[in-house]
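Here is the structure we will look at, set down as structure tokens.
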Amino acid sequence: MVVTLKIFDTQSSSEKDLDTSDIIRVYLCGVTVYDESHVGHARTIIVFDTLRRFLESQGHKVNFVQNFTDVDDKIIDRAQKEGVPASEISQRYIGRYFEDFDKLNIIRAEHLPKATEHINQMLELVKSLVDKDFAYVSKNGVYFSVSKFKEYGKLSKKKTEELISGARVEVDETKHEPLDFALWKFSDQNPNWDSPWGKGRPGWHIECSAMSIKYLGENFEIHGGGNDLIFPHHENEIAQSESHTGKPFAKIWMHVGMVTMDNEKMAKSVGNIKIVKDSLNEWGPNVLRLFCLSGHYSKPIDYSEEPLKENLTKWRQVENCYYELLSAEGTGDTSEAEKLVSDTKQEFEDALNNNFSTSLGLGAFFKLVKEVNRLVATESLTESMSKIILPQLESMLDILGLKVQKMTESEITSIKDLINKRESLRKENKYEEADKIRQQISELGVTLVDHKSRTTWVKQEKIG
RNA sequence: GGUGAGGUGGCAGAGUGGUUAUGCGUUCGCCUGCAGAGCGAACCUAUAUGGGUUCAAAUCCCAUCCUCACCUCCA
């Protein structure tokens, strides 16, 4: 039986089978690089990184593209405030982006295109739209004529009349109609580029159309982003792209829910942001990833102490499980382990195939962890079982993007020596000295676990 | 106001008609030289509200209330 991954598609409001017959092409709207990334950005990127890891684990090839918006009013504002060129701001925050997201164990996308490096592709697209009469040149720039694209609103389920009566559209006399949006904005100010219509810079939406088509083609599998991008950004991308190509744009629109704080969207304008760097310092990458995957991607999650603490507890269980598997000894019957592994694998994959339900997938993952820890407590985990279980655990850790901290051979040797020393002291009832050694070991981030017959150890990530 | 998504125990989070998962938490035990970690058991009489359909509803239908997001830049 061929198992298919179903993903909820915003446009058709239904789950659709992901086409896995060839390379899976995924475009994710990335960040505007004018400031630090916050946990909201992290969530979306973690979800897509995990999706990519899952698809690859299933033997599929993925071509993953994530853009940087590096030309934008906010960048220019910031540059003016600091009295530096806009490129300095965008380069600084692209650098900061990689610092944060490398730490979060995000696999870098195949392509990480920057808007400023694709001005020509954008201009070609604008030209095509002007030629096809979907766009017009006005005093302030080149605009897309929304009324020419009959299906406008099909993604966000908005009606153009209602949008206009909503009266939140900016009044601009130079546009033919209020909903028309800029493809190219005339500007003498830096940064700007020459165009057939006049010096200026691109509108926001055109970059994603141009870059996704360049790297993925005119019709690709998944286009994603936060659900706050549905309107107007993705709606406008559809209008531009489909007017240009005459073909359907993305096959599946996958949108990630917002991260909230006290049930309010995390956003710079609200002032309730938690930057990735600070969150990483407090909780580390593994806890933060677990947290971001603990709810369904389409729903909001609230960033607060309690669920993060819970995930820390769980992460400690994972570390414990992993190290016990590494140090398991003895041989014996493995049928129980085989069943555990095949059940877990099945449940884990079923969950992710079902609209990428990571919370259920994590349920399967933790079931395995708890079972191993239970076997350890009853002194019934053997090395032969571990050899069967460990690969499955590692595979899931890899898909989830989690990394248990490792130790070098020499560190391991010295810890083993210390454990032996402590053991002899304990046998002589010299507990005070034995505790000193335990303390010494704990300073290396290693916690000892005394079992009936022997002492095992766990390298714990330093958190908090 | 429009559109969309939701409202399940202290918290997180499943379950789309038929013994109310599961995890965290709390309590009590076990284990231990002690501790940590781990294990076991118990607990919180949970399904927004009001109707309806049904032998049977968290699950289907209707109404109401509430929350969030989008409708302006936003992951």
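In the working numbering, the protein residues as written are 78 to 541. Note that CB positions come from ideal geometry on N, CA and C, so glycine has one too.
ask   = For the beta strand (DSSP E) that Q143 lies in, which residues bound it at each end?
value = 139-143
ask   = N430 and T81 look like a contact to me (Cβ under 8 Å); what is the Cβ gap, rounded to whole Å?
value = 7 Å
task = Give the secondary structure of T97 by DSSP, where H, G and I count as helix, E and B as strand, and everything else as coil.
result = coil
ask   = Taking all protein chains shown into account, do 16 or more other C-beta atoms lie within 10 angstroms of the C-beta of I100, making it buried, or fewer, making it exposed?
value = exposed
query = Can you tell me the Cα-Cα spacing of L95 and E298, whole angstroms?
reply = 7 Å
task = Might you give, ordered along the chain, the residues of its own chain that have their beta carbon closer than 7 Å to the beta carbon of H188, omitting 5 neighbours on each side?
result = V142, Y292
message = Since N144 and C285 should fall inside the 8 Å C-beta cutoff, what is the C-beta to C-beta distance between them, to a whole number of angstroms?
response = 6 Å
inquiry  = Whole angstroms are fine: how far does the CA of T459 sit from the CA of F326?
reply    = 53 Å
message = Do S375 and P384 have their beta-carbon atoms positioned less than 8 Å apart in this structure?
response = no
CA nearest to the CA of Q482, picked from L445, G522, K504 = G522
key: Secondary structure of S91, DSSP reduced to three states   = strand
request  = Give me the Cα-Cα distance between R393 and N358, rounded to the nearest whole angstrom.
outcome  = 17 Å
key: Reduced DSSP secondary structure (H/G/I, E/B, other) of M199   = helix
task = For F175, count neighbouring C-beta atoms within 10 Å of its own C-beta (all shown protein chains included) and say buried if the count is 16 or more, exposed if not.
result = exposed
Between the CA atoms of M335 and T121 - distance to the nearest angstrom = 8 Å
ask   = Within the chosen definition, does the segment 154-167 reach the segment 336-356 through at least 3 CB pairs nearer than 8 Å?
value = no
ask   = If you follow the alpha helix (DSSP H) that V453 is part of, which residue opens it and which one closes it?
value = 435-454
query = For D410, which three-state DSSP category applies?
reply = coil
task = Figure out for me which residue from I352, E319, S519, W360 has the closest Cα to the Cα of L232.
result = E319
message = Distance check for H115 and D554, CA to CA, integer angstroms please.
response = Any question about residue 554 goes unanswered here, given that the chain covers just 78 to 541.
inquiry  = In whole angstroms, give me the CA-to-CA distance for M78 and K236.
reply    = Confidence at M78 is low in this model, with a pLDDT of 48, below 50, so its placement is unreliable and no value can be given for it.
query = So the beta strand (DSSP E) Y374 belongs to, where does it begin and stop?
reply = From DSSP, Y374 is part of no beta strand (DSSP E); its letter is neither H nor E.
inquiry  = Let's test the definition: count the other Cβ atoms within 10 Å of the Cβ of Q266 and tell me whether it reaches 16, buried, or not, exposed.
reply    = exposed
inquiry  = Going residue by residue through the segment 135-181, where are the continuous beta strand (DSSP E) segments of at least 3 residues, counting only ones entirely within it?
reply    = 139-143
ask   = Smallest Cα separation from P255: which of W274, S272, S224?
value = S224
task = Measure the C-alpha to C-alpha separation of G361 and T524 and round it to an integer number of angstroms.
result = 18 Å
query = Among M484, Q469, I496, which has the Cα closest to the Cα of S134?
reply = Q469
request  = Provide the residue span of the beta strand (DSSP E) that contains I553, from first to last.
outcome  = Outside the shown range of the chain, which is 78 to 541, sits residue 553, and nothing can be said about it.
Endpoints, the alpha helix (DSSP H) within which W392 is located = 382-404
inquiry  = Along the chain, where does the alpha helix (DSSP H) containing T485 start, and where does it finish?
reply    = First-last for T485: undefined, no H or E at that position.
query = Just curious, the alpha helix (DSSP H) that D475 is in, first and last residue?
reply = 460-477
key: Limits of the beta strand (DSSP E) - the one that T337 falls within   = 336-338
E341, DSSP secondary structure in three states = strand
query = For A428, which three-state DSSP category applies?
reply = helix
message = If you reduce the DSSP assignment to three classes, tell me which class T542 lands in.
response = Any question about residue 542 goes unanswered here, given that the chain covers just 78 to 541.
task = Indicate the three-state DSSP secondary structure (helix, strand or coil) for M78 in the structure shown.
result = Note on M78: pLDDT 48, under 50, position unreliable in the model; no value is reported.
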